[in-house]
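In order, the protein sequences belong to chains A and B. Taking numbering that gives the first Met the number 0, I'd label the letters of the first sequence as residues 0 to 594. Taking numbering that gives the first Met the number 0, I'd label the letters of the second sequence as residues 0 to 292.
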Amino acid sequence: MTKEDMNIVIVGHVDHGKSTLIGRLLADTESLPEGKLEQVKKTCQKNSKPFEYAFLLDALKDEQAQGITIDTARCFFKTQKRNYIIIDAPGHIEFLKNMITGAARAEAAILVIDAKEGVRENSKRHGYMLSMLGIKKIIVAVNKMDLVEYSRDIFENVVREYSLFLGELGVEPVMYIPISAFEGDNVAAKSIKMPWHYGMTVLEAMDFLPCEKKKTDKFFRMPVQDVYKFTKNGDDRRIVAGTVETGKIKKGDSVVFYPSGKKSIVKSIEAFPQKAIDGAEAGQATGFTLFEQIYIKRGEIMCIDGQQPPNVASRLYVNLFWLGKDAFCMDKKYSLKIGTQKVGAVLEKISSVMNSSDLSTEKKNFVACNEVAECVLRTDKPIAFDLVENMAETSRFVIVDNYEISGGGIILKTVDDKEKNVIDKVLLRNYKWEHSEISRENRAEQYSQKPVMMILTGEADGGKKAVAKALEKSLVLNGRFAYYLGIGSFLYGVDSDIKLQNNEEFNHDEHIRRFAEVANILMDAGLILIVTARMLTQRDLDLMRAISESNIEIVWVGDEVKTDLKADMVIDADTEKNVLMLKEYLKDKGYIFKF
Amino acid sequence: MEHLDILENKSIHIIREAYSCFENLCMLWSIGKDSTVLLWLARKAFFGHVPFPLVHIDTHYKIKEMISYRDRYALEWGLDMIYGENTAALQSKNTYPDGNASRIECCRQLKTEALKNTLSGEWTRYRINHATGKYEIDSNKEPYTGVIVGVRADEEGSRSKERYFSPRDKNNDWDVANQPPEFWNQYKTDFAKGTHVRIHPLLDWTELDIWEYIHRENIPVVSLYFNQGNGKRYRSLGCEPCTNCVESDAATVEDIVNELKTGKFSNIAERSGRAQDKEDGGGLETLRREGYM
Chain A
0 MTKEDMNIVI VGHVDHGKST LIGRLLADTE SLPEGKLEQV KKTCQKNSKP
50 FEYAFLLDAL KDEQAQGITI DTARCFFKTQ KRNYIIIDAP GHIEFLKNMI
100 TGAARAEAAI LVIDAKEGVR ENSKRHGYML SMLGIKKIIV AVNKMDLVEY
150 SRDIFENVVR EYSLFLGELG VEPVMYIPIS AFEGDNVAAK SIKMPWHYGM
200 TVLEAMDFLP CEKKKTDKFF RMPVQDVYKF TKNGDDRRIV AGTVETGKIK
250 KGDSVVFYPS GKKSIVKSIE AFPQKAIDGA EAGQATGFTL FEQIYIKRGE
300 IMCIDGQQPP NVASRLYVNL FWLGKDAFCM DKKYSLKIGT QKVGAVLEKI
350 SSVMNSSDLS TEKKNFVACN EVAECVLRTD KPIAFDLVEN MAETSRFVIV
400 DNYEISGGGI ILKTVDDKEK NVIDKVLLRN YKWEHSEISR ENRAEQYSQK
450 PVMMILTGEA DGGKKAVAKA LEKSLVLNGR FAYYLGIGSF LYGVDSDIKL
500 QNNEEFNHDE HIRRFAEVAN ILMDAGLILI VTARMLTQRD LDLMRAISES
550 NIEIVWVGDE VKTDLKADMV IDADTEKNVL MLKEYLKDKG YIFKF
Chain B
0 MEHLDILENK SIHIIREAYS CFENLCMLWS IGKDSTVLLW LARKAFFGHV
50 PFPLVHIDTH YKIKEMISYR DRYALEWGLD MIYGENTAAL QSKNTYPDGN
100 ASRIECCRQL KTEALKNTLS GEWTRYRINH ATGKYEIDSN KEPYTGVIVG
150 VRADEEGSRS KERYFSPRDK NNDWDVANQP PEFWNQYKTD FAKGTHVRIH
200 PLLDWTELDI WEYIHRENIP VVSLYFNQGN GKRYRSLGCE PCTNCVESDA
250 ATVEDIVNEL KTGKFSNIAE RSGRAQDKED GGGLETLRRE GYM
């Protein structure tokens, strides 16, 4: 029988003996490289320090000097039943991000509590983090029993207090074990000093933990990492690549991609060095070719048609932990990464901020380092995800603040969203779309340009129309496929049925929606679209982005932006100069090529 | 899914993330077994293609077979092969043992410095021309912002603390005490100008995994790993003056796997034949903080 793999993280309050437990486990099972134990003992002697098992783990010089674990370390360890990777997480509050890094790699945890010190704040904080990370298999090791004369009462007090806390989180540990990592009691061998304990040793308990439930039984989900087209040696495959997160799939299955809603059929499942395979399942890094040449990009989630689809929305109710030095706040732009999607995001509202060491909550308008909060996030564009209760794997996201991953969380539910109506229409449109045999790449190659919509906006009579028309003219005379479209031209034709109704807001949204749908078709045909619109707002743009599959570039014509819009550039009304500049911009951004 | 499949798929996922998130990406190929497995995984990830350059830091103290092996597969597999070196240190003989440098200083010069300046594009890069089979000066001097490296967590202490995506600052320094968080398959792919990110797809592999995988996939490796006919073989490859053979009769990959599993090496660390580690107090931390692989 082949061995199972399991990653176990060791967590708990600082100095409660996590590294010592691992050191002892490695030493008692003879898992250390020959000479390592002697080498560390000798180093200790040389520096006249008492030997500690933790030194086997705390490999970094700073750690040995300070006697604490700074970063997560992993070591390899085998039993008859399993290959383990044991992850040693730091217990210091300062290094919570390292603890989370370690714990997120694990499917089970050993939480160490010092019998003498009892339950401390990080015992609780780590317990909370484990529950948030979705780690349900927890062994609680009550350590340093040698320092409390192996007292059953003290052990049972710790068990009582900690069970109460975990109970509030809805977490029930697999078992509690009284141990002395230093003396080796109940680590690898049964303790003779605690005859009152009939349970397992730590080693037995580890092997006893059940392995993770098969992810192949869930709905199929695969975040698309990229679409490859390597032309070398005449390779003409267009391969949608990614790692299957959950479920399984086979050749010939109908698939739908989200958030776009586009549909196709699996033509082949590619592999190397062998040619192709018939099926793929959770955990496999694979790649597909499709029958229809649909345009999809990195970030979409591939699903099987007919299975429960993921949610698509731009407002999310989440539970998150914050690790950044700068607090998470409302007036700042962040990036949100979920699966392989990456979008701009803002914090819209905070419901409550919680201290994870005592579960007390407070009302605040920011989330500080190491705090946990329930809040509403709004993304620039609709994203695809699952709710945590349905599928944890595709409900987990991180927040990036200025290059750094600064927070992480899970999506609890969606929030009522004005855009929902629009998003649903787009999903259905893409699902029902009849695809031609010309792919987007073919078209771009033929036309030597990629589709884009450049919107020139600003105050009335600010000169935007003149610049837009001159730009169109210059591009067309250069042999480009460009088209000028004033957004107002819509009102009397396409919008004639809604123009005179009274509901102003509905009219406006529907006006924008129809415009964006038409623009989307023109761009699908390969055009560079140059649009003028008066006083465009961010909400208008968000709506357009939810509908359009091509990029939108925003140019404000005037002295400064007069709405809440985030423009890509601000220009004056000097036609000649700006036409040159905008053409350069289109070149730089790769929309027009081959000169 | 079996152990080796889990490792393989995770590594391919990481290599693909690197490819999608870094514009100027390269992979370091030391010609040793680990980075050769890495190269094999890249060919799998991209279905037979390797869509980024492979960079080798040539100390010119490498064992001869390593270079001929490198060039053979560079041509056979159509690799975009590049090498870099520390020309000045080689010319002034700031080397060990024939020059006047200690082992550590020699490593610092021929590997760390050469690597740093090859990655940044400040020193000359040599690129293979597939038509002639010869190396030519590479006109591309752009710095690499993503560097895929084949280090494993089980090799030595400081490597066990690594991230899959590990940032390096402008001086190539590694800020060990303040590493970015990394969870849920989300990695550090955003970085400031002038810094770069090292990517470590093999972190979770052990030496035994590497050999079992080489066996399973039938990956060609340098013959130096096998008994040279004198009852000696290399267990770890580096520069000739600082890498010692081990006593072993293992002549095939299968022999090596057995030797590691149950035989004489099942309990002895792999890098025990590398002399520079001992000079650094038993670890490579000092060298690695400065940018050593």
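The beta-carbon is built from N, C-alpha and C at its ideal position, and this holds for glycine as well. It should be emphasised that the depicted structure is a prediction, and the values quoted were computed from it without experimental measurement.
Of all C-beta pairs linking the region 234–245 of chain B to the region 53–69 of chain B, three or more are shorter than 8 Å, placing the two stretches in contact. The three-state reading of DSSP puts residue 506 of chain A in helix, counting H, G and I together. Shown here, residue 62 of chain B sits in coil according to DSSP, grouped into three states, outside any helix or strand. Here residue 99 of chain A is buried. Its C-beta has 16 or more other C-beta atoms within 10 Å. Linking residue 203 of chain A to residue 101 of chain A through their CA atoms gives a straight-line distance of about 22 Å. By the Cβ test, the region 371–385 of chain A is in contact with the region 539–559 of chain A, since at least three Cβ pairs between them sit closer than 8 Å. Counting only residues of its own chain and dropping the five nearest sequence neighbours on each side, residue 52 of chain A has a CB closer than 6 Å to the CB of 19, 22 and 23. At the C-beta level, residue 157 of chain A and residue 191 of chain A stay beyond 8 Å of one another. Apart from sequence neighbours up to five positions away, the residues of its chain that approach residue 159 of chain B with a beta-carbon distance below 8 Å are 152 and 153, ordered along the chain. Sequence-distant Cβ neighbours of residue 316 of chain A in its own chain, meaning closer than 6 Å and more than five residues away, are 375, 411, 412 and 414.
If you compare the alpha carbons of A/219, A/567 and A/591 with that of residue 304 of chain A, the shortest gap goes to A/219. Cβ-Cβ separation between residue 407 of chain A and residue 368 of chain A: approximately 13 Å, too far for a contact (criterion under 8 Å). Only buried fits residue 385 of chain A, as 16 or more other CB atoms lie within 10 angstroms of its CB. Pairwise C-beta distances place the region 421–429 of chain A out of contact with the region 218–232 of chain B, as fewer than three of them are shorter than 8 Å.
Using a CB distance below 8 Å, the part of the region 40–62 of chain B facing chain A consists of 42, 43, 44, 45, 46, 47, 48 and 50, ordered along the chain. Under DSSP, residue 359 of chain A forms a beta bridge with A/354. Under the 10 Å beta carbon count, residue 210 of chain A is surrounded by fewer than 16 other beta carbons and is classified as exposed. Remark: C-beta atoms of residue 252 of chain B and residue 213 of chain B approach each other more closely than 8 Å. Residue 252 of chain A is positioned such that its CB atom lies closer than 8 Å to that of residue 265 of chain A.
Neighbours of residue 336 of chain A in chain B, taken as residues at a C-beta separation under 7 Å, are given in chain order as 185.
The beta carbon of residue 526 of chain A lies closer than 8 Å to those of 450, 480, 481 and 482 in the same chain, with the five residues before and after it left out. Annotated as proximal: residue 531 of chain A and residue 463 of chain A, with beta-carbon spacing under 8 Å. Note on residue 69 of chain B: 16 or more other CB atoms within 10 angstroms of its CB, so buried under the neighbour-count rule. If you look at residue 28 of chain B, you'll find it isn't in any alpha helix (DSSP H); DSSP assigns it neither H nor E.
Taking a Cβ-Cβ threshold of 8 Å, the residues of chain B close to residue 403 of chain A are 179, 187 and 189, in chain order. Under the three-state reduction of DSSP, residue 119 of chain B is assigned to helix.
Here residue 551 of chain A is bridged, per DSSP, to A/452. Contact between residue 269 of chain A and residue 238 of chain A holds, with the beta-carbon distance rounding to 5 Å and staying under 8 Å.
Here residue 112 of chain B is buried: its Cβ has 16 or more other Cβ atoms, across all protein chains shown, within 10 Å.
For residue 19 of chain B, the nearest CB of chain A lies under 8 Å from its own CB, placing it at the interface with that chain. With respect to the C-alpha of residue 90 of chain A, the residue from A/281, A/10, A/515 and A/519 having the closest C-alpha is A/10. Taking 8 Å as the cut-off, the beta carbon of residue 109 of chain A is found closer than this to the beta carbon of residue 140 of chain A. Taking a beta-carbon distance threshold of 8 Å, residue 2 of chain B counts as an interface residue toward chain A. Of all residues in the region 196–216 of chain B, only 203 and 205 place a beta-carbon less than 7 Å from a beta-carbon of chain A. In this structure, the straight-line span from the alpha carbon of residue 39 of chain B to that of residue 49 of chain B is close to 9 Å. At least 8 Å separates the CB of residue 167 of chain B from every CB of chain A.
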